[in-house]
Every structure is written in structure tokens, then in C-alpha cells.
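Colleague: Each protein sequence line maps, in turn, to chains P and D.
The first sequence begins at 32 in our numbering and counts up by one.
The second sequence begins at 32 in our numbering and counts up by one.
Built from N, CA and C at the ideal position, the CB exists for glycine as well.
On a predicted model such as this, the values are computed, not experimentally measured, just so you know.
Let me begin by handing over the structure; questions about it come next.
2 protein chains.
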Amino acid sequence: MDVDCGREEGMTAEKQKQVVGPGEFNVGVTALDHSHINGMVKGLVDAGATIQYVYDPDETKVRSFLEKFPGVEVAPSLDYILADDVIHLVAAAAIPNLRSELGNRVMRAGKDYFTDKTAFTTLEQLETTKQVVKETRQKLFVYFNERFNVEGALFAGRLIESGRIGEVIQITGFGPHRLRKESRPDWFFHQEQTGGILTDIGCHQIEQFLHLTGNVDAEIVHSKVGNYANPDYPEFEDYGDATLIGENGATLSFNEIGRAHV
Amino acid sequence: MDVDCGREEGMTAEKQKQVVGPGEFNVGVTALDHSHINGMVKGLVDAGATIQYVYDPDETKVRSFLEKFPGVEVAPSLDYILADDVIHLVAAAAIPNLRSELGNRVMRAGKDYFTDKTAFTTLEQLETTKQVVKETRQKLFVYFNERFNVEGALFAGRLIESGRIGEVIQITGFGPHRLRKESRPDWFFHQEQTGGILTDIGCHQIEQFLHLTGNVDAEIVHSKVGNYANPDYPEFEDYGDATLIGENGATLSFNEIGRAHV
């Protein structure tokens, strides 16, 4: 499901209840590199959070953010946000390979961290950030929009929870995404920055599988990737598939397609 | 697609043209172990073939066959069929692990062989029969009913041939099958006799993939099987999936499910 374009993030989800009042939970927003930030912030606002600051070195991105969320104070730097004791959480959608490092900085400043998926592009980042969470006792949340903001995914989850479709032993996932070469930022086509198609996009299917089958871990038994139609971007993977087995024996097969001509 | 039950084999396919007249192409039928034999014989009849003989040691199966194809002469043995010079081809749907051996016997008697899928359950059988084909110069045909007798598969093939959907680089296949424990013969639940779910049923998806992507060979890069819901049949595999890469780089992922409660 491609929900990161052409449709307003967060508009498909069920209405959230406000769980805090004004000024009770204050958020700084930074790293507006992926448009997922809009769905993330909308979700926070819907839950009652106060968006205190926004900061990004790119003024165009800040202007675009303010059109969607008017009245938010523009901070002069990330440090400015991190130094303010009123801030509880920092929300960010950085370039994927920078998400871990940004989170470590945020958590070491005593704030919780809410990042777009994928949170990590290497196992080393995962290990380092695990350590930071342990040391700081801060919380790290990952925005898996394909489960939280997609009606079909929410409905599937409810059907499974209600027991109406029995024990889930197999899930097959499809993740076709529009390519939109013209509007994608440069980092989107570089392996090191995205972690590749299975890390950047496949994480959705894996997260859904773990959640829907009640697993906390799974073994990746095979994966493959390819570049079928984009020789102009040699590092880019426009196809990937993988197959996993969860700890309880449930099994997943999925593929991701970054199409060429849409 | 489960076309081996509840529906008349061969009824969904396009009408075949008769390519031979009466007595021009004579067929002996044997090994009525799988009901696919009915679709195979119907296809031959529709193409103009003359069904000369039927033989099976199980008289009940012969009676059932004659209800569908009345007037066919019951032969006293397979040797009787093989000894008759008028016979061009023997059609058979034996228990899978016996199909290769039966074919070798048929071809060594100077007849072509038309077998239900899967034609082989071991690589040794494949090698032996390849040798027999080479020595005898007879022809071996395999009845992949899910491509030849399923309207959706025929339509997909035509769409691809017409070029309307471009180059096929990925196919995902699903092979859910009714379990029908009560009506399945005993051999259906024994690994050695069927070759397992990926051999017995997965061969459909693999054959369709090879055909639709224009490959003659592919590498199996991963497969897994399981028995999720049938502990009373410990050898039986009620789940399997696999992923392949064709010689031209096209890729296949598929799964087969032998369901428990249908």
C-alpha cells in the first residue's frame, strides 16, 4: 500500500481520542526530509499534543510544514529545541541512515523520540540506539504508517483480534510503491542512505507480520532484490522479496515493487 | 486454483479444434489414480483422438471412467495395450512416485506418454526418464491443468503474449487446495508417494512461471514447508512456499496451502 503520496497522511485512520490537554505534552518537530512527518504530527495533534517548535535547515520545508500546521514557532536550531525543558518528545523524519544518530542525540537530551520508519539502516545503528535507550530510559517510537494509518490494515488487525479468522499462520504482503523519480529527493536512490528497498519499505510488511501474528521476533530465511527498470539509478532497488518464519511458526512472504512507469 | 474437485475437468477451457479424425490417433488409458485423468482424456477426445482402451487393476475406477467415457474397450492388462500397434499414446494419472517408471515402460514399448503432473517426485526419476526419452525418441507430455484448463490462466497467457502488460519480471502465485481428507486416497498423505506439497502442487506455479516469463530453467533460491493443522498425518505438508529466479532474471514467489477445514 502506497500511502506516502497523493493522499493526506493520517486522513484514513480512525479518529483518535485526545489523551492530553494543551501544554500537557509538548513536541518539537525536526528533520522534515520525508513527508511522513505530516502524518506523524497530525496523529500527535489529534491525540492532544502541543506542537511547540519546528526546526529544519531547509527553509522551504519549514514553510511547507507551517502551511499544514500554522502557528508553530520556528526554532533557530535543534539544540534550541533540545535545551527547552518544556519539550517531552521530538518527532522527526530524517534521511533513513541518519535516524538512529538523531534519536541518540534526542534521547541523550532527555526527550523521547518519534521517528519515521525505518528507524535503522544497519545493525550497528540498532545496537547503538538500543544501548542509548537503556542508558537514558527514554522512549523510542517508530511510525509504521502502513499499519496505523491504513484502514485495511486496521480492519485486518481487528478481525484477527476478534478471533473471527482463527490463528494466523501465514501472511502474504505486497508493497507496490509509486516511483515518482521527478519528485523523490536524491537520497532516495542511494543504498547507503535508505538501506535498500527491503529495509526502507519491507519493514512495513515485517512489522505488520510480527504484530498480526503475535510475534516479537522472526528469522529471515531468504531475501532477494533487483533493479529491473532503473539503470539510470544503479544503486536503486526497484524490486525485493523476502520470506520469514516467526518464533511461533507463522510464516511471511512479501514483495516490494518500486515501479518504473507510474 | 483448485480445479481438481467440485468442477468438471476441462469444462473451463476454450473449445479445442479437432486435429485428427477417428482412428487416426489412438489412445490407451491406464492408472486412474487421480481424477485429473478425466480432464486429460476429455482434452484428447475434444482434439479428435480415439480412446481405444482403458485398463486399471481397480474395477471401481474403471466403471467410474466408463460412465464418463462410455464404449471404451476394457483391456485385460497394461501389456495388452502396449502390445497393440494401433496405440500411439498412453494417458495415465498414476500415484506421483510411479509416474516416471510407468512412462519409461510406455515409451520403451514405442508409445508416447501423457502423464498427470507432477511427472517426477525425485531427481533420479527425472534423469532416468530423460535418458529413456533420448533412447526411445518417444514424446512425454505433462498435464499441467492449472494452465491448460483454467480460464484465468489462459487469459493471463493471452494478455502477456499480446504485449499488453509488458515484460513480465515478477509473478506471485497462490495455490490453495481443498484438503478433503475423507475423499483423498491414502497415498495423498505420504511424502514418498507425492513428493510433498511443493513437488505435487507447486509444480503448477513453477510451470506457469516458466511459460509466462519465457524461461526454460530457473534457480530455486529458497523454499519452506510445514504441517500446521494436520498432526494426524505427520508426513503431510499443508503449507509450502518457494521463491525462484528464472534464467532471464524474472522472479517468482508462490505459496501452496492445503487447508484444514474446507
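#1: Kindly say whether Ala150/D, judged by its beta-carbon, lies nearer than 9 Å to any beta-carbon of chain P.
#2: Would you kindly report the start and end of the unbroken beta strand (DSSP E) that includes Gln47/D?
#3: To the nearest angstrom, how far is the alpha carbon of Pro265/D from that of Gly289/D?
#4: Listing by chain order, which chain P residues have their CB less than 8 Å from the CB of Asn286/D?
#5: Can you list the residues of chain P that His235/D reaches, using a CB-CB cut of under 8 Å?
#6: Could you name the residues of the same chain whose beta carbon sits closer than 6 Å to that of Ala80/P, not counting the 5 residues immediately before and after it, in chain order?
#7: When you compare each of Asn176/P, Asn279/P, Glu90/P and Glu238/P to Ile68/P by their alpha carbons, which one comes out closest?
#8: Can you list, in chain order, the stretches of the beta strand (DSSP E) that have 3 or more residues and sit fully within the stretch 226 to 282 of chain P?
#9: Would you kindly report the start and end of the unbroken alpha helix (DSSP H) that includes His67/D?
#10: Quick check: what's the CA-CA separation for Gly41/D versus Thr149/D?
#11: Tell me which same chain residues have a C-beta within less than 6 Å of the C-beta of Glu104/P, skipping the five on either side of it?
#12: Could you tell me the distance, in whole angstroms, from the CA atom of Val173/P to the CA atom of Gly52/P?
#13: Which residues does DSSP list as the beta-bridge partners of Val58/D?
#14: Could one say the Cβ of Lys255/D lies closer than 9 Å to chain P's Cβ atoms, at least one of them?
#15: Do we get a CB-CB distance below 9 Å when we pair Gly194/P with the residues of chain D?
#16: Less than 9 Å between CB atoms is the rule here; does Ile276/P satisfy it with respect to chain D?
#17: Between the Cα of Gly280/P and the Cα atoms of His242/D, Leu63/D, Ala260/D and Leu171/D, which residue gives the shortest distance?
#18: Between the C-alpha atoms of Leu275/P and Asp272/D, what's the straight-line distance to the nearest angstrom?
#19: Does Tyr270/P get closer than 9 Å to chain D when you measure Cβ to Cβ?
#20: Quick one, which residues of the stretch 149 to 174 of chain P are near chain D if we go by CB-CB under 8 Å, in chain order?
#21: What three-state label does DSSP hand Glu90/P in the structure shown?
#22: CB-CB under 6 Å to Gly102/D, same chain, minus the five flanking residues each way: which ones, in chain order?
#23: Got a sec, what are the start and stop residues for the alpha helix (DSSP H) Ile191/D sits in?
#24: Do Glu268/D and Gly227/D have their beta-carbon atoms positioned less than 9 Å apart in this structure?
#25: Kindly indicate if chain P contains any beta-carbon less than 9 Å away from that of Gly280/D.
#26: Within 10 angstroms of the Cβ of Asp110/P, are there 16 or more other Cβ atoms? Answer buried if so, exposed if not.
#27: By how many angstroms is the C-alpha of Phe145/P removed from the C-alpha of Asp87/P?
#28: Check whether the stretch 156 to 167 of chain P and the stretch 129 to 141 of chain P are in contact - that is, three or more C-beta pairs closer than 8 Å.
#29: To the nearest angstrom, report how far apart Arg189/P and Ala122/P are at their CA atoms.
#30: Considering just the uninterrupted stretch of the alpha helix (DSSP H) at Thr146/D, what are its terminal residues?
#31: Among Asn258/D, Gly277/D and Gly257/D, which one has its Cα closest to the Cα of Phe240/D?
#32: Comparing alpha-carbon positions, which option in Phe219/P, Thr282/P, Ala187/P and Gly74/P lies nearest Asp248/P?
#33: Would you report the Cα separation of Asn258/P and Tyr270/P, rounded to the nearest angstrom?
#34: Is it the case that the Cβ atoms of Asp64/P and Pro216/P are separated by a distance below 9 Å?
#35: Is Gly134/P helix, strand or coil by DSSP?
#36: State the DSSP-derived secondary structure class of Pro207/D, mapped to helix, strand or coil.
Modeller: Straight from the coordinates:
#1: no
#2: From DSSP, Gln47/D is part of no beta strand (DSSP E); its letter is neither H nor E.
#3: 14 Å
#4: Gln201, Thr203 and Ser284
#5: What His235/D touches in chain P: nothing, since even the nearest Cβ is about 17 Å away.
#6: Phe56 and Val58
#7: Asn176/P
#8: 249 to 257 and 270 to 277
#9: His67 to Asp77
#10: Residue placement at Gly41/D is poorly supported in this model, since its pLDDT is 47, which falls under 50; the coordinates are not used for a value here.
#11: Tyr84
#12: 23 Å
#13: Ile82/D and Leu120/D
#14: yes
#15: no
#16: yes
#17: Ala260/D
#18: 11 Å
#19: yes
#20: none
#21: helix
#22: none
#23: Glu182 to Glu192
#24: yes
#25: yes
#26: exposed
#27: 16 Å
#28: yes
#29: 27 Å
#30: It is not in any alpha helix (DSSP H) - Thr146/D instead sits in the beta strand (DSSP E) that spans Asp143 to Asp147.
#31: Gly277/D
#32: Thr282/P
#33: 6 Å
#34: yes
#35: helix
#36: strand
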